[in-house]
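**Q** Chains as they are written, first to last, in full-length UniProt numbering: chain A, 1 to 258; chain B, 1 to 258; chain C, 1 to 258; chain D, 1 to 258; chain E, 1 to 258; chain F, 1 to 258. The beta-carbon is built from N, C-alpha and C at its ideal position, and this holds for glycine as well. Only a predicted model underlies this, so the values are computations on that prediction, with no experimental measurement involved.
6 protein chains.
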Amino acid sequence: MTLRELWERGEPTVGTWLVTPSDLSAELLGRAGFDWICVDGQHGLVGYEGMLTLLQGLAIAGVPAFVRVPSNSPEHIARALDAGAQGVVVPMVSTREAAEQAVTAAKYPPEGTRSWGPSRNVLRVPDYSAAVANRRNVVAVMIETPEGVANMDEIMSVPGVDAIYVGPNDLALGFGREQNDPEQEAVVASLLDGCRRHGVVAGIHCDDAQTVARRRESGFHMLNLATDASLLYHGALHELAVARGAEAAPPRRTASYV
Amino acid sequence: MTLRELWERGEPTVGTWLVTPSDLSAELLGRAGFDWICVDGQHGLVGYEGMLTLLQGLAIAGVPAFVRVPSNSPEHIARALDAGAQGVVVPMVSTREAAEQAVTAAKYPPEGTRSWGPSRNVLRVPDYSAAVANRRNVVAVMIETPEGVANMDEIMSVPGVDAIYVGPNDLALGFGREQNDPEQEAVVASLLDGCRRHGVVAGIHCDDAQTVARRRESGFHMLNLATDASLLYHGALHELAVARGAEAAPPRRTASYV
Amino acid sequence: MTLRELWERGEPTVGTWLVTPSDLSAELLGRAGFDWICVDGQHGLVGYEGMLTLLQGLAIAGVPAFVRVPSNSPEHIARALDAGAQGVVVPMVSTREAAEQAVTAAKYPPEGTRSWGPSRNVLRVPDYSAAVANRRNVVAVMIETPEGVANMDEIMSVPGVDAIYVGPNDLALGFGREQNDPEQEAVVASLLDGCRRHGVVAGIHCDDAQTVARRRESGFHMLNLATDASLLYHGALHELAVARGAEAAPPRRTASYV
Amino acid sequence: MTLRELWERGEPTVGTWLVTPSDLSAELLGRAGFDWICVDGQHGLVGYEGMLTLLQGLAIAGVPAFVRVPSNSPEHIARALDAGAQGVVVPMVSTREAAEQAVTAAKYPPEGTRSWGPSRNVLRVPDYSAAVANRRNVVAVMIETPEGVANMDEIMSVPGVDAIYVGPNDLALGFGREQNDPEQEAVVASLLDGCRRHGVVAGIHCDDAQTVARRRESGFHMLNLATDASLLYHGALHELAVARGAEAAPPRRTASYV
Amino acid sequence: MTLRELWERGEPTVGTWLVTPSDLSAELLGRAGFDWICVDGQHGLVGYEGMLTLLQGLAIAGVPAFVRVPSNSPEHIARALDAGAQGVVVPMVSTREAAEQAVTAAKYPPEGTRSWGPSRNVLRVPDYSAAVANRRNVVAVMIETPEGVANMDEIMSVPGVDAIYVGPNDLALGFGREQNDPEQEAVVASLLDGCRRHGVVAGIHCDDAQTVARRRESGFHMLNLATDASLLYHGALHELAVARGAEAAPPRRTASYV
Amino acid sequence: MTLRELWERGEPTVGTWLVTPSDLSAELLGRAGFDWICVDGQHGLVGYEGMLTLLQGLAIAGVPAFVRVPSNSPEHIARALDAGAQGVVVPMVSTREAAEQAVTAAKYPPEGTRSWGPSRNVLRVPDYSAAVANRRNVVAVMIETPEGVANMDEIMSVPGVDAIYVGPNDLALGFGREQNDPEQEAVVASLLDGCRRHGVVAGIHCDDAQTVARRRESGFHMLNLATDASLLYHGALHELAVARGAEAAPPRRTASYV
Ligand SMILES: [Mg+2]
Ligand SMILES: [Mg+2]
Ligand SMILES: [Mg+2]
Ligand SMILES: [Mg+2]
Ligand SMILES: [Mg+2]
Ligand SMILES: [Mg+2]
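Put into structure tokens, the structure is as follows:
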């Protein structure tokens, strides 16, 4: 199933993020049942070569891939799509202009300014063409600053914005709040409302399974569960405690990114 | 703490195995609290370059490293030690001669035939010399064939064999038994007895935390808990089930290698 | 289709060889329509890490992969299969014992001595087990020395030898002949006869398309067409001549390996 | 021969593009007789590390190298030259300012703003100095948008612009035309005329040998023939058809990038 | 000792620069006694992946690391810090705005706009938080243009600028002078005065040990000694001359970068 | 100049060893004036992929390359030559049979058993053929054990042994002596005499320039000067001491391998 087909089903989806440049762990997680997987080019330890490696690992497993680009640059967006990503997640989008720029970079003319260069796509995508690609690729922009929250309607109404992906960590930091501050929760709720109002998919970054479950129930449809690094690290902590005979195993945490 | 110091404490130790050639996941697991970590050069997806990468990742975290060599070859043993491993795990050792060959390869003259070439060690190990290295490095040999079981006393009594590492999968396969066959358990118990008799550390590969706990109680001191790949994959399966709201989460398994 | 299924169809197959460690060119050739592709670990510029890279590139395209191991060593054979190859091509097999050793290395007990370690296979192969793997993997041994020719019946009759792969270059060199010597052709014909007699697939290395066509008509079923390097280099020579306006384009050659 | 010397001969040159990050295929194509080779950093599957790898492969063969930078950024231009490229191809140059920016980035003061850091050049280039480098390096800018066509005279007259490289795919896409639209051909002809008028080398991207031959006859001097990927893929298609005994081999195409 | 602690001691420090992407040479130099080591992402032959590799090599040795970013881009600054650098060196800072932008990129809100993503830091830095990171990381900006010299007071007084790093090569090139021009020396002296006036650490790039010694005596505290490449190359020239029996060994030079 | 041509000149040659897998440092040292450079596959931190990388770096600089193979295995010898080495250094050769095995592995039939596969050579070596290669490649075997010393005449008289390379570290270790033991010097002298008697080139590993000069005067012709790692590390120690104003700089040592 392509990312676009998944988007059109209108059901909650759960993915995870890759921050470690290993095609083998990508292949492994690609077989674990996630609906999509996102290569994190912003805070993950992956540059261009790492991104390509991870997209190849995911291609073996056949799971559709997002790339979070390091910044809202046309070059990064085009190169992620050229390399085989089906969608991009664009961080720190705070204005309508920024959202438009992201969409423009992701689309070939006449809808945008992406430059032709089929790269990994021409043999992989049936009847690949500019029109096919423009339709197929998914653009998610992150709202994760106070300015972005203030401009949510302008951002959400940009044609070609397929999803809003909420970044709770930067949001809290930008507002100077803790994650569990009730006002933080109110902001998240208002963003979810905005998405419904504008008919775009609502997405949010979650560090653990409990948070995914909670966000899914509240109506988010693009749900992230942890990262490869946190699954590995917290899995090890948990199992090691059990192995060493801890009376009560420590609560399983997959908290904040690692 | 060095591997040798760990060995001399005479207490149970828990480690894990790396099968994915990523210095970042090595660094991460190196910080998770294992007593030692073993790079699997036999069945792991790591060649020489992958092994070196993993040893570097572990060096960042400062956890002592074993390498399981691909086969009982003097070249593999020497090159693992040259690259910075503090110990080797040698697979498929079934005779006294094989055990002697492993030890000989791991020691400089006059105790063995290892060739001088300090490589990564000379700056890392205080006062590195042939004598220091001979004392410092740990040799573990695997008994995992019917022939090896038959020859256990001959193998265990070879000077320089510091530990016996039992490989239950190959053992079961070699005897044509299932893992849970009572006779398989009897063989494991006889190997543990042998280790006690000969004063060598008893080690065993365990795929999950429960097995580690059980083996530790029975007297094994070199206990392996899963692999990076199984921790990642089974961790993902478990978390994903919780995220999707499974009534009862599936039992957490870190079974056989993945 | 798996390599085994392909083998059981009993029809001519055409593959190519990879000598350049690039997952991208592997992915590209994997989409070009070959029945199988062989990673050349003997004369190709690929070590363990390169082999793994190429197997991953081929896995994206879904074409079944052979690995030619660097030498008839149990370690090389097991590690190629662990890494995801469906078959091995073993060079320089000149005696019955050598052929038996190759088969033994490729099979788990009770048929052989391969050590358990599912590595890349356990998630990829449905119901992976020792029995499944033993049945699934294909063993091709190369006859390419005068001694091998003399012992062809002993080699071809070893149970588990699925194919004989003829190496014309080493054969000619070993007999001190040119490739186009009629006696060289007689040797090839006798090997083809031997394969028919023993019911094993007859394979042969061909440097260009014309030779493949000729060998196919004579009855060979495992036909190699050139290498990635020769396809690239000779393709470039040909196109460059046309681009520069050569009166008559040079004959297209994909001769000897480059 | 350096790129500059080649440029000053005033004769047609034929090169090819590398989109696969393999030093070995770069070395191979570097020996095939091309006048120059261009590493494609925009649509090729190469980041900084891949670019460096390819420049090293080309250096073995001694063929002068261009790098197409991912975008018209001073950083990309300087880093390609630092890494050993003798020229840059700058995509999507549509205004005089953009052309000036590209030249400025490629030249040390007083002609530009490139920062000193001899990197790979100081030992390779005789008497390397700012003045030597400024004279030696070649700047080609791409005209491939309607706006660029409209501004051709402004772009072509910028001092330091050594060549115009026409990008037919983006040009057609930007004008909303097919490649074989007569108006597309008229635009190409007008760009060729412009180059003559301004005394700059006229270059154009060609996907196959026939197009190179045609463009050369019309007066282009910087002619690209296909890519490593298309030479490999279409070479394989052609040879495979012949090997399988196709009555008439399919026409050999090296079309659009793959 | 962290970079910040080193900075607060107020004593001269000597570091070196890495331009070769080898974790092993990084590890080696990391043990040679430098106070800090800087990965050169601007003119070094290192992209993102190379930078990460070098930071890992340095982490093994435990020496604190700077990264010189390729340009004054928020993305580069944040990604260097995410990857484990304790400080950044920002090239070509010529205005107050540029200096502010560099600081802003290096600090989390409320002091800056860095986006949260603990990446390699969360497990390595005790009690890692936005406040801890903002305090811990060191920002050095380069003054190396005539404009930068003219604006030195505006640049040096930006809060969060911890050091000024003088680039003599670009400075000479920008003023159109030779390195040994007395006016060049006067500019360097005025920059040193400026640093004292504003209470920021004065740093300068030195190509050899004699220059370091001279600059240290004049009052610079952040002193660079050569690069890995120049240490290797000039060390080889010197030793080779001695080995070949040169009457008088050539003067040892570690001049300009190689 | 090829290694063979260098050998036939009959004059002292000075080389160095590479133990760090960086094509860039190989390229750099390749330009420093050494007569040949040896990639150390035994104690260097290089596997197959590292060896290939280093051979490519050396090919850029055009200096002829030896590879010290990890062990006296036909596979290692053939693969080093396939990858572009012009010579092999074979460690730990202690008997006539071992020397014969090394030569046999390095020669195509009828002189040996090397298997055909031109790999990197066919385009690089003019008129490459089995006969050309057999003549061109240089075989050096190491005498570095008491047994090897005892068998020196048998080893030195094997046709095809072009040089003896003395390994002083292993020699001292094997005899249980210090490096500066007069008996160690007597053994070295007797090996030099042997080489003269048998008309083979006498080579010896030297850790610093003074030792090279001394050994050259005594008659050795294949002289090694340090390694990339020791040149880098000891160069840094020396320069750093000067930079920090040491009254008298420490004696420059490039001792034992690092
Ligand atoms: Mg964020
Ligand atoms: Mg086993
Ligand atoms: Mg052969
Ligand atoms: Mg274009
Ligand atoms: Mg500068
Ligand atoms: Mg030795």
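Which full runs of the alpha helix (DSSP H) of 4+ residues lie inside the region 161-209 of chain D, going along the chain?
**A** Taking only runs of at least 4 residues, the alpha helix (DSSP H) segments lying wholly in the region 161-209 of chain D are 168-175, 182-198.
**Q** Determine the direct distance from the alpha carbon of E:F175 to that of E:M152, and round the result to whole angstroms.
**A** Against the fifth sequence, residue 152 of chain E aligns to sequence position 152. Against the fifth sequence, residue 175 of chain E aligns to sequence position 175. Computed Cα separation, rounded: 15 Å.
**Q** Looking at chain A, is there any beta carbon in it that lies within less than 8 Å of the beta carbon of E:G117?
**A** Mapped onto the fifth sequence, residue 117 of chain E falls at position 117. So yes, E:G117 belongs to the interface.
**Q** Name the chain F residues that come within less than 7 Å of residue 270 of chain D, Cβ to Cβ?
**A** Residue 270 of chain D lies beyond the stretch modelled for chain D, which goes from 1 to 258, so this question has no answer here.
**Q** Consider the C-beta atom of D:N169 and the heavy atoms of ligand 4; say whether any pair is separated by less than 7 Å.
**A** Sequence index remark: in the fourth sequence, residue 169 of chain D carries index 169 (1-based). Yes, Cβ of D:N169 sits closer than 7 Å to a heavy atom of ligand 4.
**Q** Kindly list, in the order they appear in chain B, the residues whose Cβ is closer than 7 Å to that of A:Y233.
**A** Translated into the one-based positions of the first sequence, residue 233 of chain A becomes position 233. Here the neighbours are L28, A32.
**Q** Would residue 281 of chain F and F:T16 be called neighbours here (beta carbons separated by less than 8 Å)?
**A** Here chain F comprises residues numbered 1 to 258, so residue 281 of chain F is not present and cannot be evaluated.
**Q** Would you say E:A99 and E:V93 are within 8 Å of each other, going by their C-beta atoms?
**A** In the fifth sequence, residue 99 of chain E corresponds to position 99, counting from 1. In the fifth sequence, residue 93 of chain E corresponds to position 93, counting from 1. Yes, they are a contact pair.
**Q** Out of curiosity, what's the CA-to-CA distance linking E:V161 and E:D82?
**A** Taking the first residue of the fifth sequence as 1, we reach residue 161 of chain E at position 161. Taking the first residue of the fifth sequence as 1, we reach residue 82 of chain E at position 82. Each residue's alpha carbon lies about 19 Å from the other.
**Q** Starting from F:L52, find everything on chain C with Cβ-Cβ shorter than 7 Å and list it in chain order.
**A** Taking the first residue of the sixth sequence as 1, we reach residue 52 of chain F at position 52. Here the neighbours are L45.
**Q** For D:I77, does the count of other Cβ atoms within 10 angstroms reach 16, so buried, or fall short, so exposed?
**A** Residue 77 of chain D sits at position 77 when you count from the first residue of the fourth sequence. Per the 10 Å Cβ criterion, buried.
**Q** Can you check whether the CB of F:G47 is closer than 8 Å to the CB of B:E178?
**A** If you number the second sequence from 1, residue 178 of chain B lands on position 178. If you number the sixth sequence from 1, residue 47 of chain F lands on position 47. No, these two residues do not count as a Cβ contact at 8 Å.
**Q** What I want to know is whether the C-beta of A:P91 ends up closer than 7 Å to one or more non-hydrogen atoms of ligand 1.
**A** In the first sequence, the residue the question calls residue 91 of chain A occupies position 91. A:P91: yes, Cβ under 7 Å from ligand 1.
**Q** Helix, strand or coil, according to DSSP, for F:R124 in the structure here?
**A** Position 124 of the sixth sequence holds residue 124 of chain F. In this structure, F:R124 counts as coil in the three-state DSSP scheme.
**Q** Which term fits F:D127, buried or exposed, when burial requires 16 or more other beta carbons within 10 angstroms of its beta carbon?
**A** Numbered from 1 along the sixth sequence, position 127 holds the residue referred to as residue 127 of chain F. It is exposed - the Cβ of F:D127 has fewer than 16 other Cβ atoms within 10 Å.
**Q** Based on the DSSP secondary-structure assignment, which residues constitute the bridge partners of E:M222?
**A** The residue you call residue 222 of chain E lines up with position 222 of the fifth sequence. Paired residues: E:T13, E:G203.
**Q** Would you verify that the beta carbon of B:L123 is, or is not, closer than 8 Å to some beta carbon of chain E?
**A** Sequence index remark: in the second sequence, residue 123 of chain B carries index 123 (1-based). With 8 Å as the cut-off, B:L123 counts as an interface residue toward chain E.
**Q** Here's the rule I'm using: 16 or more other beta-carbon atoms within 10 Å means buried, otherwise exposed. How should D:R135 be labelled?
**A** Taking the fourth sequence and counting its residues from 1, the one referred to as residue 135 of chain D is at position 135. The residue in question, D:R135, is exposed, as its Cβ has fewer than 16 Cβ neighbours within 10 Å.
**Q** Rounded to the nearest angstrom, how far is the Cβ of D:G117 from that of E:Q42, given a contact under 8 Å?
**A** Sequence index remark: in the fourth sequence, residue 117 of chain D carries index 117 (1-based). Sequence index remark: in the fifth sequence, residue 42 of chain E carries index 42 (1-based). Confirmed, Cβ separation roughly 6 Å.
**Q** Could you tell me whether any Cβ in chain F is nearer than 8 Å to the Cβ of B:P70?
**A** Numbered from 1 along the second sequence, position 70 holds the residue referred to as residue 70 of chain B. By this cut-off, B:P70 is not an interface position.
**Q** Nearest to A:A163 by alpha carbon, out of A:V201, A:I143, A:V132?
**A** Counted from its first residue, the first sequence places residue 163 of chain A at position 163. Considering only alpha carbons, the answer is A:V201.
**Q** Does the beta carbon of B:E49 come closer than 8 Å to any beta carbon on chain A?
**A** If you number the second sequence from 1, residue 49 of chain B lands on position 49. Output row for B:E49: interface = no.
**Q** Helix, strand or coil: which one does DSSP assign to E:M142?
**A** Numbered from 1 along the fifth sequence, position 142 holds the residue referred to as residue 142 of chain E. Strand, per DSSP.
**Q** With DSSP as the reference, label F:R114 as helix, strand or coil.
**A** On the sixth sequence, position 114 is the one that residue 114 of chain F refers to. It is coil, neither helix nor strand.
**Q** Would a check of beta-carbon distances place A:A59 closer than 8 Å to chain C?
**A** Taking the first sequence and counting its residues from 1, one reaches residue 59 of chain A at position 59. For A:A59, the answer is yes, since a Cβ of chain C falls inside 8 Å of its Cβ.
**Q** Report the residue from E:D228, E:V39, E:W7, E:R120 whose alpha carbon sits nearest the alpha carbon of E:S25.
**A** What you label residue 25 of chain E is simply residue 25 of the fifth sequence in a count that begins at 1. The shortest Cα separation from E:S25 among E:D228, E:V39, E:W7, E:R120 belongs to E:D228.
**Q** With respect to the alpha helix (DSSP H) encompassing F:R68, which residues constitute its N-terminal and C-terminal limits?
**A** For the purposes of this step, residue 68 of chain F is taken as the residue at position 68 of the sixth sequence. F:R68 -> not in any alpha helix (DSSP H); beta strand (DSSP E) instead, spanning 65-68.
**Q** Give me the Cα-Cα distance between B:A172 and B:P91, rounded to the nearest whole angstrom.
**A** The residue you call residue 172 of chain B lines up with position 172 of the second sequence. The residue you call residue 91 of chain B lines up with position 91 of the second sequence. Using only the alpha carbons, I get a separation of about 15 Å.
**Q** If A:V88 sits next to A:V14, beta carbons under 8 Å apart, how far is it from one beta carbon to the other, in whole angstroms?
**A** The residue given as residue 88 of chain A occupies position 88 in the first sequence. The residue given as residue 14 of chain A occupies position 14 in the first sequence. 19 Å between Cβ atoms; not a contact.
**Q** What is the DSSP secondary structure of F:D82, counted as helix, strand or coil?
**A** If you number the sixth sequence from 1, residue 82 of chain F lands on position 82. F:D82: helix per DSSP, three-state reduction.
**Q** Taking the beta carbon of F:P70 as the centre, do at least 16 other beta carbons fall within 10 Å, making it buried, or is it exposed?
**A** The sequence position of residue 70 of chain F within the sixth sequence is 70, counting from 1. Buried: at least 16 other Cβ atoms inside 10 Å.
**Q** Given the structure, does C:M1 come close to ligand 1, in the sense that its CB is under 7 Å from one of the ligand's heavy atoms?
**A** As a position in the third sequence, residue 1 of chain C is number 1, starting the count at 1. No, ligand 1 has no heavy atom inside 7 Å of this Cβ.
**Q** With hydrogens ignored, establish whether the beta-carbon of D:M222 is closer than 7 Å to any heavy atom of ligand 4.
**A** Along the fourth sequence, read from residue 1 onward, the residue named residue 222 of chain D stands at position 222. Checking the Cβ of D:M222 against ligand 4 gives no.
**Q** Specify the secondary structure class of D:T227 as computed by DSSP and reduced to three states.
**A** Locating residue 227 of chain D in the fourth sequence gives position 227, where the first residue counts as 1. Looking at D:T227 - three-state DSSP - the assignment turns out to be strand.
**Q** Which residue or residues does DSSP assign as beta-bridge partners of D:W36?
**A** Numbered from 1 along the fourth sequence, position 36 holds the residue referred to as residue 36 of chain D. Paired residue(s): D:G15.
**Q** Just verifying my parser: in three-state terms, what is the DSSP assignment at A:G44?
**A** On the first sequence, position 44 is the one that residue 44 of chain A refers to. Coil at A:G44, not helix or strand.
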